[in-house]
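In what follows, a structure is listed as structure tokens, so that the remarks can point back to it.
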Amino acid sequence: DGDGEEDVELLTHWIDELDEFESRIDAFQDAIVSSRGVTSLLSDTPPSSDMEDTSFPGVLRRLSSCRWTRDDDDDDDGLMKTTQTSSALSPSSLYTVLLDLRDAVKTIDAQLVAARSSCDVLSSLSSSHSVRTALEQSRNFLFDAATTMDGNGIGTSSTNYDDDDDNDAYDDIHHDPVVEATERSHELLNTLEEALDAAAQFMEDNPQGLLSTLENRRRTIDVSIEDIDTILADWGSLSRKHGIPSISLLPSCHRSLRQELDGNVEARMALPNAKEEEAIALQVFEEGCRRLTDARREVGDRMTERVTARLASLGMEGSVFKVRLNEVGYGCSDHA
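If you're matching positions, the sequence shown starts at 338 in the working numbering and goes up one per residue.
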């Protein structure tokens, strides 16, 4: 009984430990799949028939379809036995789904870094390598290219032009091919700047732009890589503690421990009734033994009396025939 108590106590400790971890997993899943962003994303994205879909919506859909505990058993394909209108992954798939979720979050974080870098390269004035900085540098070089030997820009002069001769000289300067090429270059740079502004505005500020789209997607799951890594590390630690050959089978181990404890509890609850029934059966058996012994003693006494009475006729005067019952040295309740 002492060993049984210790076994049940240890088993209960293991189950309590796994119950706590299961609660962490459930809370983690619920915080993600019940959020408004995920609900909206899944409703807007058609479900895939691929049960190993690693796209962002696919991973979230698999996460919502896989729980640590369920009532029915696994089938050969690792899928739950469900109705024809729905399907769900088995608990043994949950660890793989968490790994895929980590990869999905890591990918989005990397995409955000790349998108922000793209915006910086495009329009940042503080970066020496951005397109906008290059645009300003190009304007400065154009100004240098249009500068005359006296330091004035072509088409500009400190001389005041008067009358028609002066206007003709002014027109000659502005019809200079260098001036025309410079002005055209500035016009093209202005066009480029407008396109640059439009691209930067779309990428950074437009609700349908790249940065906004990625940021909205990242906000749908308010968890970090560290949060997921902590759960995966604790999962691995518990799997090693219980000697599970496949780390994904920890939920199955938890279920088996519960079933074992339930069996022990049922047996312990049935034990008092079994002992009571045993005691009643022992009383019935002992009463039967007592009655059998009394009957044997009665037969032995009659046999002793009758045989002894006949010994004289057989020439054995004075002889006595004696029937003796030998009793065993232990009772019915003693262990042999």
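Where is the CB? At the ideal position from N, CA and C, for every residue including glycine. Owing to the predicted nature of the structure, the values given are computational and were not obtained by experimental measurement.
Assigned exposure category for residue i - 16 Cβ within 10 Å defines buried
i      : result
Asp437 : buried
His350 : exposed
Asn497 : In this predicted model, Asn497 has a pLDDT of only 48, less than 50, meaning its place in the structure is not dependable; the value taken from the coordinates is given anyway. So Asn497 ends up on the exposed side.
Ile558 : buried
Ser427 : buried
Phe393 : buried
Leu619 : exposed
Gln366 : buried
Gly652 : exposed
Glu342 : exposed
Ala452 : buried
Ala649 : exposed
Glu635 : exposed
Ala537 : buried
Pro544 : exposed
Leu355 : buried
CB of residue i within 8 angstroms of CB of residue j, strictly
i      : j      : result
Leu397 : Leu379 : yes
Ile568 : Ile362 : yes
Val660 : Gly637 : yes
Val442 : Ile565 : yes
Leu533 : Arg469 : yes
Ser464 : Asp457 : yes
Phe622 : Thr641 : no
Ile352 : Leu575 : no
Arg439 : Ile581 : no
Supposed contact pair residue j and residue i - C-beta distance, whole angstroms, cut 8 angstroms
i      : j      : result
Gly395 : Ser402 : The Cβ separation is near 11 angstroms, so there is no contact.
Leu435 : Trp405 : Wrong, their Cβ atoms sit about 11 angstroms apart, outside the cutoff.
Leu587 : Trp572 : 6 angstroms
Leu479 : Thr444 : That pair is no contact at about 43 angstroms.
Ser475 : Leu526 : 6 angstroms
Val450 : Ala483 : Contact flag wrong, Cβ pair sits at about 41 angstroms.
Arg643 : Leu662 : Going by Cβ atoms, the distance from Arg643 to Leu662 rounds to 17 angstroms, so no, they are not a contact pair.
Leu551 : Gln448 : 5 angstroms
Ser429 : Ser589 : 6 angstroms
Ser455 : Met388 : Not quite, the Cβ-Cβ distance comes to about 35 angstroms (not below 8 angstroms), so this is no contact.
His591 : Glu357 : The Cβ separation is near 11 angstroms, so there is no contact.
Arg556 : Gly374 : 6 angstroms
The ligand GTP heavy atom lying under 7 angstroms from the CB of residue i
i      : result
Val458 : Within the structure as shown, the ligand GTP is missing, as the structure has no ligands at all.
Bridge partners - residue i, DSSP secondary structure assignment
i      : result
Leu648 : Paired residues: none, contrary to the question.
Cys403 : Leu426
8 angstroms Cβ cutoff, residue i in contact with chain B
i      : result
Ala451 : The displayed structure is made up of one protein chain only, and chain B is not part of it.
Margin query: Which complete alpha helix (DSSP H) runs does the segment 511-556 hold, if anything under 4 residues is left out?
Written below: 514-541 and 547-556
Notebook entry, point to check: Fully enclosed by the segment 343-407, which beta strand (DSSP E) runs are 3 residues long or longer?
Noted result: none
Check: Residue ranges of each alpha helix (DSSP H) run of no fewer than 4 residues wholly in the segment 430-461, ordered along the chain?
Finding: 431-460
Margin query: Give the list of continuous alpha helix (DSSP H) stretches no shorter than 4 residues that lie fully inside the segment 565-619.
Written below: none
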